[in-house]
Amino acid sequence: MKYLERGYAELDELPPFPSEERLKKKPVAYIECPQPIPCSPCYEACPANAIKMENINDPPVVNYEKCTGCMNCIRVCPGLAIFMLRLREDGKGEVTLQYELLPWLKKGDKVELLNRKGEVVGIGIVNWVLPPERNDQTSLVRVEMDTKLIYEVRAVRKVKE
Amino acid sequence: MVKVVDGRLVEHPILKFNRGKEVTIYFNGKPIKAYEGETVAAALYASGVRIFSRSFRWHRPRGFFCAIGKCSACMMEVDGIPNVRTCKVYVRDGMQIKTQSGFPNAEKDFFGVMDKLIDRIFPHGSQYTKFNNKIFREMLISRLRSFAGFGNAPKVEFSGNADYEEIECDVLVIGGGPAGMSAAINAGKYGAKVLLIDENPNLGGQLVKQTHRFFGSAKHRAGTRGIKIAKILEEELRKIPNVDIRLETKAFGIYGKIVGAVEKSKLLRIIPKKIVVVTGAYERTLIFENNDLPGVYGAGGVQTLMNVYGIKPGNRGLIVGSGNVGLILSYQLLQAGVEVAAIVEAMPRIGGYFVHAAKVRRLGVPIYVRHTIIRAIGKDHVRGAVIAQLDDKWRPIPGSEKKIDCDFICVAVGLSPTHELLYQAGCKMKFVPELGGLVPLRTKFNETSVEGIYVAGDVAGIEEATSAIMNGRIAGIHAVIALGLGGEMAKKELKESLRDLEEFRAGPFGERIICGIEKCILAKEVEI
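Line by line, the protein sequences are chains A and B.
Using this note's numbering, read the first sequence as starting at 1 and increasing by one per residue.
Using this note's numbering, read the second sequence as starting at 1001 and increasing by one per residue.
In structure tokens:
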């Protein structure tokens, strides 16, 4: 469990990514929750039965073929550990993540893209927002970025004007 | 950035701060602006006061530590009454507050020079051995005691009403946190006459500062923020007519079948059939150089200041300890627009949940495992800290020291059960490191070695709020069954609640708790 020495997980400690083909179809939930902890809201929220969890302490396993991209799980995850990934036909990638900081983000905002270690890896544009008041103060933010960045961008910060 | 006016947060991503009417309080004669609903300590902190008292021997400056009435570092004279914990008293227009140690006051204390001199002239205990003349010695000791600054007794006689009330009830619950509310709800719903007392002016215990969403299963309100869980439980509790709630009421002792308590200025003599002790825990501190400097705070103290009263604790903080409390606090600081310089952890790995660590790490907060804090830097307030790496034998590695820029330090190195009441009541206690310290022996239904006294929540072993709610439920239901109430329904629910808890603790985080509980489980099994 090397990830507990660093505070972030390397790719070999995380579940495999959905195939490129699947990512192109529609958004898919990718869960970075490798540690067994007593938590199951994502499993209970999934209407498609795509999240497997035999015991409340099991880490969730997503069946990418069953996942419909409905975002019920990302709305409730208390660990901010779920990300919706998508590859668009026009060659851009999208990551949807939970956002609980001020200032709130709006559609069209320019954001710095941060990887799992908090390093800035690029600039993205917010293209959709679920406002905080509609989801118990946890806003959902969809950010447009270069395709290869969807595998590492896990946080965003508004660019200072 | 988060907007701050007069040291107070005016916006927050999760919380809304509804401040009361503006009032003026006087601190050592100086007027200070405050808002109704703030405690004296919170209002003073917002106005920039950092030194709340002086240590009684060396006259070193002291700030607050816990902010929940446990550490005594914030004691002052309020409207003529000495030794008032200012973190527990709400402001009132025209309130007169004086620091009670130091000359002329604690902030500017000429006796602060003692810190440099006293050990050279009067080494520890020398007042008893240095002088042969008995009269002179006794005079000196009495002078030293008044010099120590434990306040002066009020000069006017008490003129209020000294009321007294006797209350009989089926179940007395001491503590209104998650475990206490859960115990009261579950005992009350089966018809028991319940009295719930809490020393705070509001219910909820430490839930009132937990802005994060809770873990667990949806059945146990996972995905709901702690602040909301407190409200849900309170609503549920207030709906039950046979539950009497007394706030600002402190239990001071259990004497056989009688419990003594003080409600504001009224003495209560409570005669319960069963008692559930859910007094919670207090924060531990850590030994390092200058750990008493104002600016070294308990993690929970900072949470109280920031999430309950909306006061910005500082600009840049260092977090010592990477358990869930330290990790969650780091995230809450970022949400309040406070920078987090680093999280240091002496163990070789992060102690809390990985997802909590990941969400601060990805916002750029460095986490140093196998590191510890060596000293706090600053004269009358923290201006920085020195951390160092530890070797396999937990010794700092020379040359690995790093200076961290910060203006406050949060100590999040765990909690200890507030066990005093149980100890006084004669419950058999045992030191169990896995559970955080001295804990009572108990049956699987949470009854202690003294028949009729139950425990739940952190006082039974440091865990977290969800399991505290489950344990409160077990204690409450078992108490009513023992009283002959509830019938088959209660027995069925008791079995179900035991199974829920077992399932919840089945993972690696529960393993340690189970291991600790095995050490203090009472063989005495009560038939249901």
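C-beta: ideal position from N, C-alpha, C; glycine also.
Here the structure is a predicted model, which means the values were calculated and not measured.
- Secondary structure of A:Lys-26 (DSSP, three-state): coil.
- Rounded to whole angstroms, the gap between the alpha carbons of B:Lys-1070 and B:Val-1459 is 14 Å.
- DSSP lists B:Tyr-1090 as the bridge partner or partners of B:Thr-1039.
- In the DSSP assignment, the residues bridged to B:Pro-1396 are B:Leu-1390.
- In this structure, A:Tyr-151 lies near A:Phe-17, with their beta-carbon atoms less than 8 Å apart.
- If you draw a straight line from the Cα of B:Tyr-1190 to the Cα of B:Phe-1431, it comes to about 35 Å.
- Residues of the stretch 1002 to 1023 of chain B whose Cβ lies closer than 8 Å to any Cβ of chain A, in chain order: Val-1002, Glu-1011, His-1012, Pro-1013, Ile-1014.
- Rounded to the nearest whole angstrom, the CA to CA distance from B:Arg-1225 to A:Cys-73 is 16 Å.
- If you draw a 10 Å sphere on the C-beta of B:Met-1139, you find fewer than 16 other C-beta atoms in it, and that means exposed.
- Counting along the chain, the unbroken alpha helix (DSSP H) around A:Tyr-3 starts and ends at 3 to 6.
- For the pair A:Pro-132 and A:Ser-139, the Cα-to-Cα distance works out to about 4 Å.
- For the 8 Å CB-CB criterion, B:Leu-1305 and B:Ala-1043 do not form a contact.
- The beta carbon of A:Met-84 does not come within 8 Å of any beta carbon belonging to chain B, so the residue lies off that interface.
- When the five nearest sequence neighbours on each side are left out, the beta carbons in the same chain lying within less than 7 Å of the beta carbon of B:Ala-1336 are those of Val-1002, Leu-1009, His-1012, Met-1306, Lys-1312, in order along the chain.
- A:Leu-80 and B:Val-1355 do touch by the CB rule: their CB atoms are close to 7 Å apart, below 8 Å.
- Near chain B, meaning a CB-to-CB distance below 9 Å, the residues of the stretch 4 to 29 of chain A are Leu-4, Glu-5, Arg-6, Gly-7, Tyr-8, Ala-9.
- Look at B:Glu-1011 here: in three-state DSSP terms it is coil, with no helix or strand label.
- Within the stretch 1163 to 1203 of chain B, complete beta strand (DSSP E) segments of at least 3 residues are found at 1164 to 1174, 1194 to 1197, given in chain order.
- For B:Leu-1363, the residues of chain A that pass the 9 Å Cβ criterion are Leu-101, Leu-114, Gly-118, Ala-155, Arg-157, in the order they occur in the chain.
- Contact check for B:Ile-1474 against B:Phe-1445 passes: the beta carbons are separated by less than 8 Å.
- Between A:Asp-146 and A:Gly-122, the gap from beta carbon to beta carbon is short of 8 Å.
- Look at B:Ile-1367: its C-beta is under 8 Å from a C-beta on chain A.
- It is roughly 15 Å from the alpha-carbon of B:Glu-1496 to the alpha-carbon of B:Ser-1217.
- Segment contact: the stretch 1478 to 1492 of chain B against the stretch 38 to 56 of chain A, fewer than three CB-CB distances shorter than 8 Å; contact not assigned.
- Using a Cβ-Cβ cut-off of 8 Å, B:Gln-1335 is close to Glu-100, Leu-101, Leu-102 of chain A, given in chain order.
- By the Cβ test, the stretch 1355 to 1365 of chain B is not in contact with the stretch 1377 to 1394 of chain B, since fewer than three Cβ pairs between them sit closer than 8 Å.
- Taking B:Ile-1377 as the centre and dropping the five residues before and after it, the same chain places the C-beta of Asn-1290, Arg-1383, Gly-1384, Ala-1385, Val-1386, Lys-1403 closer than 8 Å to its C-beta, in chain order.
- For B:Asp-1500, the number of other beta carbons within 10 angstroms of its own is at least 16, and it is reported as buried.
- Going by DSSP, B:Val-1480 is part of the alpha helix (DSSP H) stretching over 1465 to 1482.
- The three-state reading of DSSP puts B:Val-1302 in helix, counting H, G and I together.
- Contact annotation: B:Cys-1515 and B:Arg-1442 have beta-carbon atoms that are not nearer than 8 Å.
- Proximity of A:Pro-36 to chain B, defined by a Cβ-Cβ separation below 8 Å, is satisfied.
- A straight line joining the alpha-carbon of A:Cys-33 with that of B:Ile-1254 spans about 46 Å.
- The residues Gly-1080, in chain order, have a CB closer than 8 Å to that of B:Val-1156 in the same chain once the five nearest residues on each side in sequence are set aside.
- When secondary structure is reduced to three states using DSSP, A:Pro-18 falls in the coil class, being assigned neither helix nor strand.
- Cβ neighbours of B:Ile-1481 within its own chain (closer than 8 Å, five residues either side excluded): Ala-1490, Lys-1491, Leu-1494, Ile-1528.
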